[in-house]
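Chemist: Be aware that the sequence shown starts at 1, since it is given in UniProt numbering, and climbs by one per residue.
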Amino acid sequence: MNSNEKPEKDPADGGVAAVDRAFAILGAFDTQCSVLPLAELARRTGLYKSTILRLMISLERAGYIRRLPDGQFAIGHEPLRLAPLYQSSFRLHDIIYPILETLSQESGETSSFYVIENDSRVVLFRVEPKRSVRVSIHEGDRFPLNAGASGKILRTFGPSVADALTNVREQLWASSFGERDPDTAAVSVPVFGMKNELKGALTLSGPSERFNEDAIMSARKMLLKLAAQATGALGGDARELQQAIAKIER
């Protein structure tokens with residue numbers, strides 16, 4: 001062992017150590033750092049370099065990791081094959097995607113649909129406008145659940161009642177200004193399925209300078225109407241959303 005290497009982190013209780021470590025390696029990559037050298041992988045995962053190199057043999061063989069000519073590592077082709085399977089498992093695309101297109105076309109801003117995954121919010125679908133100055137996110141991007149308009153929606157209407165925000169629960173919409181990015185603002189509403197199960201957060205985001213009070217009013221009304229439409233199409237009860245629309249139209 002190199003004297004500069006830190007002790008490896010313990011695997012999660014009840015798991016298989018080698019599998020936990022392999023997933024830790026995959027989880028070290030993100031959209032900001034899609035290519036990583038061995039030293040950075042060791043720093044991010046807390047694993048010995050020797051352990052990483054052993055696991056890389058299996059990850060490369062299965063197509064999850066690519067070793068680049070300069071010795072650095074990048075994600076392989078296999079996650080790309082699995083991504084559509086993940087999306088189709090929700091059976092939401094045919095309903096949500098046209099709504100996102102409508103949102104983006106009518107508002108000129110980025111529309112997206114977030115879901116909860118563990119302690120994060122994940123972009124399941126997104127549509128970006130043609131204008132040059134816009135918020136740019138990608139399907140699969142992962143952000144903290146405790147920040148952003150969509151995070152407030154997912155925390156309030158998701159499985160953990162303890163995280164509910166009273167004002168968001170009452171009005172059925174949330175907004176944020178600079179919580180994740182200082183130059184970004186967003187408005188988000190819930191979409192429900194059968195038995196009032198939260199399916200995700202329908203969200204509109206853009207540069208803060210364009211999200212003045214009038215823009216927020218327009219966005220929340222548009223979002224609530226389309227969320228009611230999506231909820232009905234998914235077999236949910238849209239009455240609460242319709243009541244929220246009626247309140248802001250008074």
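Beta carbons: idealized from backbone N, C-alpha and C, even for Gly.
Is there contact here, the segment 232–245 with the segment 168–175, by at least three beta-carbon pairs under 8 Å?
Modeler: Contact holds: three or more Cβ-Cβ distances are below 8 Å.
Chemist: Which residue from L53, P207, N196, A39 puts its Cα closest to that of G183?
Modeler: For the record, residue 183 in the displayed sequence is Asp; it is not Gly. Ranking the options by Cα distance to D183, first place goes to P207.
Chemist: Counting only runs of 4+ residues fully inside the UniProt domain "HTH iclR-type" (16–77), write out the alpha helix (DSSP H) ranges in chain order.
Modeler: 17–27, 38–45, 49–61
Chemist: Report yes or no: do the segment 48–61 and the segment 94–106 share at least 3 C-beta pairs separated by less than 8 Å?
Modeler: no
Chemist: Using a Cβ-Cβ cut-off of 7 Å (strictly less than) and excluding sequence neighbours within five positions of G232, which residues of its own chain qualify?
Modeler: Closer than 7 Å at the Cβ level, and outside the excluded window around G232, lie A238.
Chemist: Taking contact to mean at least 3 C-beta pairs separated by less than 8 Å, is the segment 121–132 in contact with the segment 215–223?
Modeler: no
Chemist: Can you tell me the Cα-Cα spacing of L148 and V187, whole angstroms?
Modeler: Here residue 148 is Gly; the residue named in the question, Leu, does not match the sequence. Looking at the two C-alpha atoms, the distance is approximately 9 Å.
Chemist: State the start and end residues of the unbroken alpha helix (DSSP H) segment that holds A228.
Modeler: 213–233
Chemist: Let me check one thing: in DSSP terms, what residues is A185 bridge-paired to?
Modeler: For A185, which the question treats as bridged, DSSP gives the partners F177, G206.
Chemist: In this structure, does DSSP put I137 in helix, strand or coil?
Modeler: coil
Chemist: Restricting to Cα atoms, I'd like to know which of P37, L85, T110 is closest to F73.
Modeler: Of the listed residues, the one whose Cα sits closest to F73 is P37.
Chemist: Does DSSP put K130 in a helix, in a strand, or in coil?
Modeler: coil
Chemist: What separation, rounded to the nearest whole angstrom, lies between the Cα atoms of L92 and Q229?
Modeler: Going from the Cα of L92 to the Cα of Q229 covers about 13 Å.
Chemist: Give me the residue from A18, Q32, A24 with the minimum Cα distance to F143.
Modeler: Q32
Chemist: Kindly give me the distance between the Cβ atoms of S205 and E109, rounded to whole angstroms, as I take these residues to be in contact under 8 Å.
Modeler: 6 Å
Chemist: Roughly how many angstroms separate the alpha carbons of N2 and A201, rounded to a whole number?
Modeler: At N2 the pLDDT is 47, less than 50, meaning the model places this residue with poor confidence; the figure from the coordinates comes in the next sentence. The C-alpha of N2 lies about 46 Å from the C-alpha of A201.
Chemist: Rounded to whole angstroms, what is the Cα-Cα separation between A22 and L68?
Modeler: 18 Å
Chemist: How many whole angstroms separate the CB atoms of F125 and I75, which I take to be in contact at a CB cut-off of 8 Å?
Modeler: The pair is not a contact, with the Cβ atoms about 20 Å apart (cut-off 8 Å).
Chemist: Output needed for G178: all residues of its chain with C-beta closer than 8 Å, excluding positions within five of it in sequence on either side, in chain order.
Modeler: Correct list, in chain order: T184, A185, S208.
Chemist: Determine the DSSP secondary structure at P190, reduced to helix, strand or coil.
Modeler: strand
Chemist: Taking the C-alpha atoms as reference points, what is the distance between P79 and L85?
Modeler: The C-alpha of P79 lies about 10 Å from the C-alpha of L85.
Chemist: Which two residues bound the contiguous beta strand (DSSP E) that contains R142?
Modeler: 142–144
Chemist: Cβ of L154 within 7 Å of Cβ of R121?
Modeler: yes
Chemist: Buried or exposed for I248, please, with buried defined as at least 16 other CB atoms from any protein chain shown within 10 angstroms of its CB.
Modeler: exposed
Chemist: Among A39, N212, T45, H77, which residue has its Cα nearest to the Cα of D20?
Modeler: T45
Chemist: Taking all protein chains shown into account, do 16 or more other C-beta atoms lie within 10 angstroms of the C-beta of A42, making it buried, or fewer, making it exposed?
Modeler: buried
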